[in-house]
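Peer 1: To start, I am sharing the structure in question, which I have written as structure tokens.
2 protein chains.
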Amino acid sequence: MTPSTETLTAERILEATEEVLRRHGPAKATVVDVARALGVSHGSVYRHFRTKAALREAVTKRWLDRTSASLTDVAAEARDPEARLRDWLAALFTAKRRKAGDDPELFATYLVLTGENVEAVGAHITDLTGQLTRIIRDGADTGAFTATDPATTARAVFHATARFHDPGYAQDWDQPDIEAQFEAVVDLVVRGLRA
Amino acid sequence: MTPSTETLTAERILEATEEVLRRHGPAKATVVDVARALGVSHGSVYRHFRTKAALREAVTKRWLDRTSASLTDVAAEARDPEARLRDWLAALFTAKRRKAGDDPELFATYLVLTGENVEAVGAHITDLTGQLTRIIRDGADTGAFTATDPATTARAVFHATARFHDPGYAQDWDQPDIEAQFEAVVDLVVRGLRA
DNA sequence: CAGCTGACAGATTTCAATATCTGTCAGCTG
DNA sequence: CAGCTGACAGATATTGAAATCTGTCAGCTG
Chain P
191 MTPSTETLTA
201 ERILEATEEV
211 LRRHGPAKAT
221 VVDVARALGV
231 SHGSVYRHFR
241 TKAALREAVT
251 KRWLDRTSAS
261 LTDVAAEARD
271 PEARLRDWLA
281 ALFTAKRRKA
291 GDDPELFATY
301 LVLTGENVEA
311 VGAHITDLTG
321 QLTRIIRDGA
331 DTGAFTATDP
341 ATTARAVFHA
351 TARFHDPGYA
361 QDWDQPDIEA
371 QFEAVVDLVV
381 RGLRA
Chain B
191 MTPSTETLTA
201 ERILEATEEV
211 LRRHGPAKAT
221 VVDVARALGV
231 SHGSVYRHFR
241 TKAALREAVT
251 KRWLDRTSAS
261 LTDVAAEARD
271 PEARLRDWLA
281 ALFTAKRRKA
291 GDDPELFATY
301 LVLTGENVEA
311 VGAHITDLTG
321 QLTRIIRDGA
331 DTGAFTATDP
341 ATTARAVFHA
351 TARFHDPGYA
361 QDWDQPDIEA
371 QFEAVVDLVV
381 RGLRA
């Protein structure tokens with residue numbers, strides 16, 4: 191809407207795209223809308239992103255990366271691996287649940303985007319299971335956990351806790367006993383890891 | 191299509207409805223189609239089912255009950271609870287995976303139906319976790335498992351293995367290493383249950 | 001007269017015409 | 001002349017009128 195003297199960068203386009211997605215939703219957000227929000231012609235947007243799909247993918251990646259970043263600290267700490275694993279899983283659940291609860295419409299939008307960008311989601315999951323692998327390997331090293339193949343075990347832990355981070359289950363995250371369900375699964379998984 | 195001299199029963203209507211759903215898919219299957227398939231007027235169908243939604247719900251329940259029935263035997267056997275649990279989970283996974291793989295279109299149809307009938311799905315899940323509770327309680331009684339609250343533990347096991355029975359994950363069930371993923375999660379869960 | 005039919009009102013879906021969008025590119029502009 | 005514009009072709013989405021469907025019920029039929 192507002193023309194600007196600032197140079198048009200990929201970054202500014204991504205911010206405008208997020209805003210347009212927030213306003214119009216994934217079905218109605220168009221490249222023309224993004225250009226209008228930036229006060230440029232839509233041809234200029236295509237100078238920075240080859241296709242609309244590429245633009246949406248970039249937005250999706252940014253969003254997923256922001257989620258991962260908030261967890262890396264927990265994964266990297268030098269503490270008791272069991273407590274670290276519990277904290278990491280709780281942090282992941284809390285982060286996802288907050289995103290889903292705070293702005294359900296925006297969350298639904300990102301649910302559509304992740305559905306469109308399976309590859310980006312795959313990279314995100316690889317990142318997350320990598321963080322888990324680190325915690326589990328540390329646990330195996332200190333003797334707290336049994337794990338012949340930390341990477342495989344990490345993926346099993348990730349799959350076993352899917353109910354509490356997979357956006358497809360977001361509808362269940364406001365059940366009154368969801369915390370108890372989370373505790374029960376984490377307890378089961380942690381017991382399964384112990385040496 | 192073919193008129194019949196047989197009396198019109200709920201059973202016959204349900205069979206015809208399954209056939210119509212198979213043929214036309216969930217979006218295009220109409221009550222008029224079902225009536226046509228039975229050679230009656232659609233008014234007659236409404237004599238047995240108050241609404242189209244009720245008819246679809248009945249079809250959904252039948253389908254879910256057929257799945258449950260194939261597992262009750264495994265749950266009720268008098269054998270080593272750990273082996274029984276592994277067999278039960280494997281049987282559930284195999285049954286779902288076969289349904290998804292054999293006729294993907296029909297499976298997609300039932301995915302829509304289960305989405306429409308959350309209540310029926312809830313009853314189905316209650317049934318399945320009930321079967322799991324029995325196995326786990328047996329394990330706790332024989333001393334093979336630790337479980338202060340078998341029902342809660344059963345639900346945790348069900349949630350932890352969701353990737354291998356929740357139809358939402360059907361798209362992942364033809365990954366080459368899906369069996370290894372299943373083994374890893376089941377091993378983790380079984381270790382978590384052991385006393 | 002129990003069970004079925006078929007006409008009907010209102011809701012939903014389909015379809016085709018119209019409008020908008022995506023992606024390209026020749027040419028304009030600072 | 002690097003970066004942007006705006007017109008354009010083909011693809012996609014929107015719209016509103018017509019067709020079909022859902023659910024009801026008075027009356028037919030065996």
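Chains P and B are the protein sequences, given in the same order. Okay, so the first sequence: first residue is 191 according to our numbering, each after it adds one. Okay, so the second sequence: first residue is 191 according to our numbering, each after it adds one. Where a beta carbon is used, it is the ideal one built from N, C-alpha and C, also for glycine.
Examine the ligand ADP and report whether any of its heavy atoms sits within less than 8 Å of the Cβ of P:T338.
Peer 2: As for the ligand ADP, it is missing from this structure, which has no ligand bound.
Peer 1: Going by CA-CA distance only, name the one from P:L261, P:F239, P:A341, P:I326 that's closest to P:R384.
Peer 2: P:I326
Peer 1: Who are the Cβ neighbours of P:A352 in its own chain at under 8 Å, not counting the five residues just before and after it?
Peer 2: Around P:A352: Y359.
Peer 1: Strictly below 8 Å CB to CB, what residues from chain B border P:V302?
Peer 2: Those do not exist, as P:V302 stays about 15 Å from chain B at its closest Cβ, beyond 8 Å.
Peer 1: May I have the straight-line CA-CA distance separating P:M191 from P:R252, to the nearest angstrom?
Peer 2: Unreliable positioning characterises P:M191 in this predicted model, as indicated by a pLDDT of 36, which lies under 50. The coordinate reading is nonetheless provided below. Distance between the alpha carbons of P:M191 and P:R252: 24 Å.
Peer 1: Counting only the same chain and skipping the five closest in sequence on each side, list residues whose C-beta sits under 8 Å from that of P:S231.
Peer 2: A225
Peer 1: What are the residues of the region 363-379 of chain P that lie near chain B, defined by any Cβ-Cβ distance shorter than 8 Å?
Peer 2: Per Cβ criterion, the list reads A370, Q371, A374, V375, D377, L378, V379.
Peer 1: Let me know the alpha helix (DSSP H) ranges lying completely inside the region 311-352 of chain B, each 4 residues or longer, listed in chain order.
Peer 2: 340-350
Peer 1: Does B:P340 pass the burial test, meaning 16 or more other C-beta atoms within 10 Å, or should it be called exposed?
Peer 2: So B:P340 ends up on the buried side.
Peer 1: Where does B:R212 sit, in a helix, a strand or coil, going by DSSP?
Peer 2: helix
Peer 1: Going along chain P in order, which residues have a C-beta closer than 8 Å to the C-beta of B:H232?
Peer 2: None at all; the shortest Cβ gap to chain P is about 34 Å.
Peer 1: Kindly indicate which three-state DSSP category B:R384 falls into: helix, strand or coil?
Peer 2: strand
Peer 1: Does any CB atom of chain P fall closer than 9 Å to the CB of B:R204?
Peer 2: Checking the sequence shown, residue 204 of chain B turns out to be Leu, not Arg. Output row for B:L204: interface = no.
Peer 1: Whole angstroms are fine: how far does the CA of B:V249 sit from the CA of P:G405?
Peer 2: Because chain P here runs from 191 to 385, residue 405 of chain P falls outside it and cannot be looked at.
Peer 1: For the region 278-285 of chain P and the region 254-268 of chain P, state whether three or more C-beta atom pairs, one from each stretch, are separated by less than 8 Å.
Peer 2: With the cut-off at 8 Å, the region 278-285 of chain P and the region 254-268 of chain P touch.
Peer 1: Assign B:K286 to buried or exposed, taking buried as 16 or more other Cβ atoms, counted over all protein chains shown, within 10 Å of its Cβ.
Peer 2: buried
Peer 1: Taking 9 Å as the CB-CB limit, is B:L383 close to chain P?
Peer 2: By this cut-off, B:L383 is an interface position.
Peer 1: So for B:F297, helix, strand or coil by DSSP?
Peer 2: helix
Peer 1: CA-CA distance, P:R345 and P:L322?
Peer 2: 8 Å
Peer 1: For a test of the three-state rule: what should DSSP assign to B:H355, helix, strand or coil?
Peer 2: coil
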